[in-house]
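Note that the protein sequences, when read in sequence, are chains V and X.
The first sequence begins at 19 in my numbering and counts up by one.
The second sequence begins at 19 in my numbering and counts up by one.
Just so you know, even glycine gets a beta-carbon here, dropped at the ideal spot from N, CA and C.
Number of protein chains: 2
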Amino acid sequence: MTGRKDADRRGDSGRKRKSAPLSSEAIVAAAIDLLDREGLDNFSIRNIAKALGVYPTALYWHVPSRHLLIARVIAALFADVLPEENADWRLWLKDLFRRYRDIVRAHPNVAPLVGGHLVSSASVDLNLVEAILSTLTRAGFEDEDLVAAYNSVVVGMCGYATQEFAHVFPDPERELETSLAASVEAADPARYPVLAAQRHRLLNRALVLRWKNGNQAPLESGFEMFTNSLIAGLAQELERARNRA
Amino acid sequence: MTGRKDADRRGDSGRKRKSAPLSSEAIVAAAIDLLDREGLDNFSIRNIAKALGVYPTALYWHVPSRHLLIARVIAALFADVLPEENADWRLWLKDLFRRYRDIVRAHPNVAPLVGGHLVSSASVDLNLVEAILSTLTRAGFEDEDLVAAYNSVVVGMCGYATQEFAHVFPDPERELETSLAASVEAADPARYPVLAAQRHRLLNRALVLRWKNGNQAPLESGFEMFTNSLIAGLAQELERARNRA
DNA sequence: ACCTGAACACCGTTCAAGT
DNA sequence: ACCTGAACACCGTTCAAGT
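So, in structure tokens, the structure goes:
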């Protein structure tokens with residue numbers, strides 16, 4: 019009898035039913051797993067439930083809504099973005115940008131969920147916010163400039179990876195691929211001289227001119243230039259602010 | 019008889035039925051209108067069809083899919099981003115960034131659709147691509163550096179506005195607002211000294227620490243610093259590359 | 001307390017049928 | 001050629017019912 023019950027609990031009927039009870043942590047873990055394996059297009063409450071061997075509505079006991087589940091997923095994934103302390107604020111920022119991008123590289127399908135949505139605010143990591151603020155304060159930014167620099171840093175952190183790992187929509191007939199490749203290949207050198215001359219360097223390596231995202235074709239050199247430029251530029255803005263004062 | 023037919027065509031049965039026949043342009047226009055009026059959460063093929071007084075499936079004669087409709091919407095909205103020519107490449111870039119952000123300000127709900135999705139590639143404006151490439155070439159970027167600089171510029175163009183006008187998810191109970199405000203208000207000055215000291219300057223004015231987006235609370239000063247920094251930094255990278263050669 | 005199960009109000013898209 | 005209308009395979013979420 020007891021053996022039978024245990025067998026039932028392990029669930030030979032519901033195929034993937036886990037022995038462990040449901041919890042917010044288990045749901046978030048299953049959500050991340052699903053996102054990594056099946057992509058954004060199959061990322062749904064119902065599929066997470068299926069992976070857990072449970073009814074979709076069961077999740078609502080542990081998680082208030084899809085939006086807030088996504089917020090928890092983001093919080094879990096970026097729990098360790100924060101770099102070691104560094105006396106040089108510019109190196110610290112560079113480190114932060116790198117670490118952020120590395121996480122997105124490891125879970126590329128989350129990119130569209132972080133960039134353009136304010137959900138992230140639902141699970142703010144105050145440690146991250148304070149770390150950026152205190153680093154910029156040590157660098158010399160004050161008051162209004164501090165806020166502006168902080169916003170610049172957050173965009174610098176998320177902006178590149180968001181675009182590098184942008185969502186590629188399902189294209190089974192490869193229509194996007196063929197039409198894009200064709201129009202670039204056929205670009206009139208008279209009208210588009212630089213594009214025509216550099217086309218082989220650009221296809222799938224330049225934003226907007228690609229059908230693969232950073233997953234299959236990373237945009238490494240641009241990341242370096244973008245982050246280096248932004249940081250160097252912030253340092254320069256700081257100088258200017260000092261000279262004003 | 020003819021009068022009756024005209025009345026039928028104007029459509030007293032289907033309420034909003036337009037007299038004009040359906041077309042790709044009309045659909046895109048209705049889509050933009052719906053996006054502006056009703057927001058991203060109500061932006062669907064079915065609602066666009068309803069606004070046009072037509073069956074949802076009628077759209078598929080003129081538009082291949084939702085993804086590609088979005089691509090056309092984006093193409094239509096950003097048809098005029100391209101700034102006037104400018105001898106100073108840095109001013110030209112600044113102008114480009116401003117114009118891009120102005121368009122997003124005018125149609126803020128499109129922001130999440132542009133930033134994190136590769137759909138935009140389905141409707142590439144080669145003129146824009148060439149303009150950026152030729153400007154950077156005139157500035158002095160070559161070969162691999164040109165690609166890296168181009169990618170930096172595209173991220174610079176889209177990155178800030180994407181986050182400034184990020185999607186705010188429906189929150190009728192104002193849970194996000196209250197919890198975020200509370201946690202920032204209650205931030206321990208010992209653990210979060212800068213955050214605690216600057217909290218009134220930060221709430222709804224610093225990314226991640228807000229429940230409103232740029233629509234209700236623009237992040238103007240950060241935009242200035244971000245774009246100025248990026249451009250100044252690119253100029254500096256250019257100097258470095260020249261010194262290497 | 002935690003999960004089932006039915007139900008509601010939505011989606012995008014396919015395809016046969018009408019005109 | 002262009003639109004209707006039914007149908008399919010999905011969604012997120014609410015809520016009563018079970019245990």
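Where the alpha helix (DSSP H) containing residue 110 of chain V begins and where it ends: 107-124
Using the beta-carbon of each residue, which ones in chain X are nearer than 8 Å to residue 229 of chain V? 136, 139
Taking its Cβ as the centre, do 16 or more other Cβ atoms sit within 10 Å of residue 126 of chain X, making it buried, or is it exposed? So residue 126 of chain X counts as buried.
Can you name the residues of chain X whose CB is closer than 8 Å to the CB of residue 155 of chain V? Result: 212.
Which partner residues of residue 135 of chain X appear in the DSSP bridge assignment? In DSSP, residue 135 of chain X forms a bridge with V:185.
Per DSSP, what kind of secondary structure is residue 104 of chain V in: helix, strand or coil? coil
Assigned exposure category for residue 130 of chain V - 16 Cβ within 10 Å defines buried: buried
List the whole-angstrom C-beta distance separating residue 152 of chain X from residue 93 of chain X, where the pair is believed to meet the contact cut-off of C-beta under 8 Å. Actually they are not in contact, since the Cβ atoms of residue 152 of chain X and residue 93 of chain X sit about 21 Å apart, beyond 8 Å.
Which of helix, strand or coil does DSSP assign to residue 262 of chain V? Assignment of residue 262 of chain V by DSSP, reduced to helix, strand and coil, places it in the helix class.
Can you pull the chain V residues whose beta carbon is under 7 Å from the beta carbon of residue 85 of chain X, in chain order? Here the neighbours are 187.
Would the beta-carbon of residue 172 of chain X fall within 8 Å of that of residue 186 of chain V? Result no, Cβ atoms of residue 172 of chain X and residue 186 of chain V do not sit closer than 8 Å.
Best match in X:188, X:158, X:179 for proximity to residue 272 of chain X [C-alpha to C-alpha]: Examination of residue 272 of chain X is not possible in this model, given that chain X is present from 19 through 263 alone.
Test: residue 115 of chain X CB closer than 8 Å to a CB of chain V: no
Once the 5 residues before and after residue 26 of chain X are set aside, which same chain residues still bring their CB inside 8 Å of it? Legend: pLDDT at residue 26 of chain X = 34, less than 50; position of this residue unreliable, no value from coordinates given.
Could you check whether residue 146 of chain V and residue 100 of chain V sit closer than 8 Å to each other, using their CB atoms as the reference points? yes
Own chain residues within Cβ distance below 6 Å of residue 232 of chain X, not counting five before or after: 182, 183
Starting from the Cα of residue 42 of chain V, find the closest Cα among V:72, V:169, V:90 and give me that residue. Residue V:90 is the option with its Cα nearest to residue 42 of chain V.
Cutting at 6 Å between CB atoms, please list the residues of its own chain near residue 85 of chain V, excluding the five before and the five after it. 137
Could you pull the start and end residues of the alpha helix (DSSP H) that residue 93 of chain V belongs to? 84-95
Is it true that the CB of residue 77 of chain X sits closer than 8 Å to the CB of residue 65 of chain X? no
Distance check for residue 164 of chain V and residue 260 of chain V, CA to CA, integer angstroms please. 13 Å
Reduced DSSP secondary structure (H/G/I, E/B, other) of residue 140 of chain X: helix
So, with DSSP's three-state summary, where would you put residue 54 of chain V? helix
Taking 8 Å as the threshold (beta carbon to beta carbon), is residue 158 of chain X in contact with chain V? Not closer than 8 Å to any Cβ of chain V, the Cβ of residue 158 of chain X fails to qualify, so no.
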